[in-house]
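Let me begin by presenting the structure, written as structure tokens, before commenting on it.
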Amino acid sequence: MLRLSSITRTYPGGITALRDITLDVPRGLFGLLGPNGAGKSTLMRTIATLQRPDAGTITFGDLDVLRDRTALRQVLGYLPQEFGTYPRTSAERMLRHFAALKGLRGPQQRQAVDQLLVKTNLWEARHRSVDTFSGGMKQRYGIAQALLGNPRLLIVDEPTAGLDPAERRRFQNLLAEVGEDVVVILSTHIVEDVAGLCPLVAIMGEGRILRHGEADALVAALSGRVWTAVIPRDDARQLQTQVPVLASRWKNGRMEVRVLADTPPAGMTPVAPTLEDVYFSTLHGHGLTAPLD
Ligand code: ADP
Ligand code: MG
Numbered sequence: 313m314l315r316l317s318s319i320t321r322t323y324p325g326g327i328t329a330l331r332d333i334t335l336d337v338p339r340g341l342f343g344l345l346g347p348n349g350a351g352k353s354t355l356m357r358t359i360a361t362l363q364r365p366d367a368g369t370i371t372f373g374d375l376d377v378l379r380d381r382t383a384l385r386q387v388l389g390y391l392p393q394e395f396g397t398y399p400r401t402s403a404e405r406m407l408r409h410f411a412a413l414k415g416l417r418g419p420q421q422r423q424a425v426d427q428l429l430v431k432t433n434l435w436e437a438r439h440r441s442v443d444t445f446s447g448g449m450k451q452r453y454g455i456a457q458a459l460l461g462n463p464r465l466l467i468v469d470e471p472t473a474g475l476d477p478a479e480r481r482r483f484q485n486l487l488a489e490v491g492e493d494v495v496v497i498l499s500t501h502i503v504e505d506v507a508g509l510c511p512l513v514a515i516m517g518e519g520r521i522l523r524h525g526e527a528d529a530l531v532a533a534l535s536g537r538v539w540t541a542v543i544p545r546d547d548a549r550q551l552q553t554q555v556p557v558l559a560s561r562w563k564n565g566r567m568e569v570r571v572l573a574d575t576p577p578a579g580m581t582p583v584a585p586t587l588e589d590v591y592f593s594t595l596h597g598h599g600l601t602a603p604l605d
């Protein structure tokens with residue numbers, strides 16, 4: 313549905329944020345994972361036609377996105393990583409304003425706004441100013457705004473930053489509902505946001521797509537290769553010189569580590585792989601993870 317081909321972008325300062333990005337995104341939820349600085353926001357803004365690439369093509373169905381930006385914008389809903397709101401303006405008023413910009417008038421406008429306020433669970437709060445909203449409410453408001461005019465392509469960039477676990481779950485449920493009939497691209501550095509939600513994922517690092525495919529298949533490919541043990545911190549440091557350490561966390565004063573290895577490392581137990589293992593093993597494979605310090 314959405315097809316990116318050899319997209320490249322170097323900023324005036326000389327940083328190459330996108331390197332030969334080629335990607336096919338079908339209908340449904342697509343997770344774009346990557347650490348800060350990977351190029352996710354640059355890619356999202358490029359698809360949203362707010363920024364031009366130096367080279368490459370983008371098509372959405374039959375639409376040549378870079379040639380016909382106006383047509384793309386008519387079917388686009390975009391929630392940027394950071395968005396501003398007007399102070400002392402109610403959520404309902406703001407939505408009506410943006411609905412008018414999308415060409416919705418009269419009863420049609422009222423109906424669209426009311427439906428979205430209900431869908432995003434903001435009906436009770438509709439008369440409140442958006443700048444008084446909690447983080448989760450603000451993000452749900454952002455989604456309502458992005459959904460005005462029934463977009464066929466929805467881009468949400470790091471939508472769960474600053475949300476508590478309950479708000480995060482509510483936001484995921486909302487996206488899952490929307491994702492049934494449109495193309496949704498969810499960009500995030502938090503694997504948890506994508507796991508179980510997006511059937512397809514891509515992992516980005518240093519401006520490149522490092523790996524992409526069905527989340528389940530990527531996880532299954534690590535079967536029998538992820539191991540865990542609880543060991544003293546110094547041993548953990550030693551271990552990472554021998555095998556890729558995918559994760560580590562304190563457990564009763566010792567380190568619980570997960571490592572990737574094709575043969576059983578001494579004293580370690582096999583564990584079922586997760587999408588987080590896929591993510592960190594991919595970054596590790598490209599020299600992109602910080603070692604234990
Ligand atoms: P992400 O969203 O994955 O954190 P970004 O697309 O924001 O990644 O940034 C990718 C790289 O491009 C980073 O090195 C960042 O510093 C750089 N970058 C982003 N925006 C600009 C800009 N407007 N001018 C110059 N460099 C930028
Ligand atoms: Mg970003």
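When you read off a place in the sequence shown, starting at 1, and then add 312, the result is the number in this note's numbering.
Think of the CB as a built atom: it goes at the ideal place given N, C-alpha and C, for glycine as much as any other residue.
Around the beta carbon of residue 446, a 10 Å sphere encloses fewer than 16 other beta carbons of the protein chains shown; the residue is thus reported as exposed.
With respect to the 8 Å criterion, residue 542 and residue 568 are classified as neighbours on the basis of their beta carbons. For residue 336, the uninterrupted beta strand (DSSP E) segment begins and ends at 328-337. For residue 386 against residue 469, the beta-carbon gap comes to about 20 Å, at or over 8 Å, which does not count as contact.
Between residue 580 and residue 540 a beta carbon distance of about 6 Å is seen, short of the 8 Å cut, so the two are scored as contacting.
In this structure, residue 572 and residue 551 do not form a Cβ contact; the two beta carbons are roughly 12 Å apart against a cut-off of 8 Å. The set of residues with any CB-heavy atom separation to the ligand ADP below 6 Å comprises, in chain order, 323, 325, 327, 329, 346, 348, 349, 350, 351, 352, 353 and 354.
Taking 7 Å as the cut-off, one finds at least one heavy atom of the ligand MG near enough to the beta carbon of residue 469. With contacts defined as CB atoms closer than 8 Å, residue 372 and residue 465 qualify as a contacting pair.
Approximately 7 Å separates the beta-carbon atoms of residue 460 and residue 407; this is inside 8 Å, confirming the contact.
DSSP places residue 543 in the uninterrupted beta strand (DSSP E) bounded by 538-543.
Taking residue 592 as the centre and dropping the five residues before and after it, the same chain places the C-beta of 558, 559 and 601 closer than 7 Å to its C-beta, in chain order.
The way I'd put it, the stretch 526-537 does touch the stretch 505-516; three or more beta-carbon pairs between them come closer than 8 Å.
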